[in-house]
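Residue numbers (my numbering): 17 to 162.
1) Inspect the beta-carbon positions of residue 73 and residue 118 and report whether they are closer than 7 Å.
2) Kindly indicate the opening and closing residues of the alpha helix (DSSP H) around residue 64.
3) Assuming contact is defined by CB atoms lying nearer than 7 Å, are residue 120 and residue 141 in contact in what I supplied?
4) With a 10 Å radius around its C-beta and 16 neighbouring C-beta atoms as the bar for buried, classify residue 144 as buried or exposed.
5) What number of angstroms, rounded off, separates the C-alpha of residue 51 from the C-alpha of residue 154?
6) Would DSSP call residue 49 helix, strand or coil?
7) According to the neighbour-count rule (16 or more other Cβ atoms, all chains shown, within 10 Å of its Cβ), is residue 45 buried or exposed?
8) From residue 138 to residue 124, what does the alpha carbon distance come to, in whole angstroms?
9) Roughly how many angstroms lie between the CA atoms of residue 77 and residue 70, to the nearest whole one?
10) Report, in whole angstroms, the separation of the C-beta atoms of residue 56 and residue 88, which I expect to be a contact under 8 Å.
11) Might you give, ordered along the chain, the residues of its own chain that have their beta carbon closer than 6 Å to the beta carbon of residue 68, omitting 5 neighbours on each side?
12) Hey, quick one: how far does the alpha helix (DSSP H) through residue 131 stretch, first residue to last?
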């Protein structure tokens, strides 16, 4: 999966370079094939900085709390006809329930920064997520009841 992602980013940069009438990522290695690895090294070397007044445990748990439900959704997607993880109806209801946890992670990220503007932005973002979940849940459950 990581190799496919690396190839996709290389290919996307090449195509966007053609669209923008520029050369694209052809500096690292032959045909720019080492560019994704250079990007990974750049991301690994980046420093993880937190503000001094931030709540460090909450700030480090917020991305995990946002990623965990997203990865948990993958477990109930039936990948074949012989999938034994559960029925599709219960799986969709599980997905609706788990996606509601993402708003809590956004609240955590805003609260952990201890900045009034970040808290207000997190409250707005969480309120938008909650307001979009209700029609989505009603629409999905109406289809399941049929």
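Yeah, the Cβ is synthetic: ideal placement off N, Cα and C, and Gly gets one too.
Quick answer:
1) Position 57 of the chain shown holds residue 73. Position 102 of the chain shown holds residue 118. Cβ atoms of residue 73 and residue 118: not closer than 7 Å.
2) Along the chain shown, read from residue 1 onward, the residue named residue 64 stands at position 48. Per DSSP, residue 64 belongs to no alpha helix (DSSP H) and is neither H nor E.
3) The residue you call residue 120 lines up with position 104 of the chain shown. The residue you call residue 141 lines up with position 125 of the chain shown. Their beta carbons are not under 7 Å apart, which means residue 120 does not touch residue 141 by this criterion.
4) The sequence position of residue 144 within the chain shown is 128, counting from 1. Exposed, by the Cβ-count rule.
5) In the chain shown, the residue the question calls residue 51 occupies position 35. In the chain shown, the residue the question calls residue 154 occupies position 138. Going by the C-alpha atoms only, they are around 45 Å apart.
6) Position 33 of the chain shown holds residue 49. Three-state result, residue 49: coil.
7) Reading the chain shown from its first residue, position 29 is the one you call residue 45. Label assigned to residue 45: exposed.
8) By one-based count along the chain shown, residue 138 stands at place 122. By one-based count along the chain shown, residue 124 stands at place 108. So the two alpha carbons sit approximately 8 Å from each other.
9) The residue given as residue 77 occupies position 61 in the chain shown. The residue given as residue 70 occupies position 54 in the chain shown. Approximately 13 Å between the Cα atoms of the pair.
10) Looking up residue 56 in the chain shown gives position 40. Looking up residue 88 in the chain shown gives position 72. Residue 56 to residue 88, Cβ: 26 Å. No contact.
11) Counting from one through the chain shown, the residue named residue 68 turns up at place 52. Excluding residues within five positions, none has a Cβ falling inside 6 Å.
12) Within the chain shown, numbered from 1, the residue matching residue 131 stands at position 115. Taken as a continuous stretch (DSSP letters only), residue 131 belongs to no alpha helix (DSSP H), as it is neither H nor E.
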